[in-house]
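Worksheet: one structure, shown below.
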Amino acid sequence: MRNLKAFAITAVMAATVFTQTAIAKDIVDVAAGSFNLKTLVAAVKAADLVDTLKGKGPFTVFAPTDAAFAKLPKGTLKSLLLPENKKKLVAILTYHVLPGKITAASLTGKRTAAKTVQGGSLHIDGRDGVKVNAAHVTTADVKASNGVVHIIDKVLLPK
0 MRNLKAFAIT AVMAATVFTQ TAIAKDIVDV AAGSFNLKTL VAAVKAADLV
50 DTLKGKGPFT VFAPTDAAFA KLPKGTLKSL LLPENKKKLV AILTYHVLPG
100 KITAASLTGK RTAAKTVQGG SLHIDGRDGV KVNAAHVTTA DVKASNGVVH
150 IIDKVLLPK
């Protein structure tokens with residue numbers, strides 16, 4: 000019985016440390032630590048947005064997975080990562096960012112539009128899960144020290 004209590008206390012302490020460590024990471028660190036957001040991190044670096052997304056915020060980021068980037072037409076990603084296309088890459092990436100911290104719970108049951116950092120508008124539908132434009136949120140509310148990340152299954156493209 001004593002060992003069981005010690006195990007339970009250790010587990011709670013470990014979970015607390017893990018949670019505090021996760022929250023201590025900013026949005027870029029959260030993305031870099033994820034196994035399926037490597038392409039996003041590379042794009043953020045190529046667009047010189049690392050310092051911005053490490054900033055105070057708060058920000059809400061809809062983060063496309065590596066698989067989402069792979070769905071783009073062949074050659075698109077490679078082209079976007081070229082220095083001469085940096086402006087276009089910045090526009091696409093900032094279209095995935097909202098000012099403020101918006102949790103999935105605050106979107107549940109609602110349909111709304113939200114203005115992005117890029118200046119465009121995202122259509123968010125929280126009536127059956129959370130959908131942003133044509134993308135589905137596959138993992139919601141990944142906490143960061145300067146906001147929240149929602150992982151999505153498609154790259155959002157501004158008009």
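Take the sequence shown: its letter number 120 is residue 119 in numbering that gives the first Met the number 0, and every next letter is one higher. Just so it is clear, CB atoms sit at the ideal spot from N, CA and C, and this is done for glycine as well.
Through-space distance from residue j to residue i, alpha-carbon basis
| i | j | result |
| --- | --- | --- |
| Pro72 | Ser33 | 24 Å |
| Lys55 | Arg126 | 31 Å |
| Thr9 | Ser144 | Caution applies to Thr9, whose pLDDT of 39 falls short of 50 and renders its modelled position unreliable; the value that the coordinates give is listed next. Taking the straight line joining both Cα atoms gives about 25 Å. |
| Val49 | Val43 | 6 Å |
| Thr115 | Ile101 | 12 Å |
| Val147 | Thr75 | 27 Å |
| His122 | Arg110 | 7 Å |
| Leu81 | Leu39 | 15 Å |
| Val141 | Glu83 | 33 Å |
For residue i, three-class secondary structure by DSSP
| i | result |
| --- | --- |
| Lys158 | coil |
| Lys142 | strand |
| Ser120 | strand |
| Thr51 | helix |
Same chain only: Cβ atoms within 7 Å of residue i, ignoring 5 sequence neighbours per side
| i | result |
| --- | --- |
| Ala90 | Gln117 and Pro157 |
Cβ shell of residue i (< 6 Å), same chain only, five flanking positions each side left out
| i | result |
| --- | --- |
| Lys53 | Asp25 and Val27 |
| Thr138 | Ile150 |
Endpoints, the beta strand (DSSP E) within which residue i is located
| i | result |
| --- | --- |
| Leu97 | Val96 to Pro98 |
Cutoff 8 Å; reference residue i; Cβ partners in own chain excluding five residues on either side
| i | result |
| --- | --- |
| Lys35 | Rather than Lys, the amino acid found at residue 35 in this sequence is Asn. Excluding positions up to five away in sequence, the list reads Thr64, Asp65, Ala66 and Ile150. |
Reference residue i; option with closest CA among the options
| i | options | result |
| --- | --- | --- |
| Lys86 | Lys153, Ala46 and Val136 | Ala46 |
| Ser120 | Ala103, Asp140, Gly128 and Val96 | Val96 |
Residue range of the alpha helix (DSSP H) that includes residue i
| i | result |
| --- | --- |
| Phe68 | Asp65 to Ala69 |
Short CB-CB distance (under 8 Å) between residue i and chain B
| i | result |
| --- | --- |
| Leu39 | Considering every chain present, this structure includes no chain B. It has just one protein chain. |
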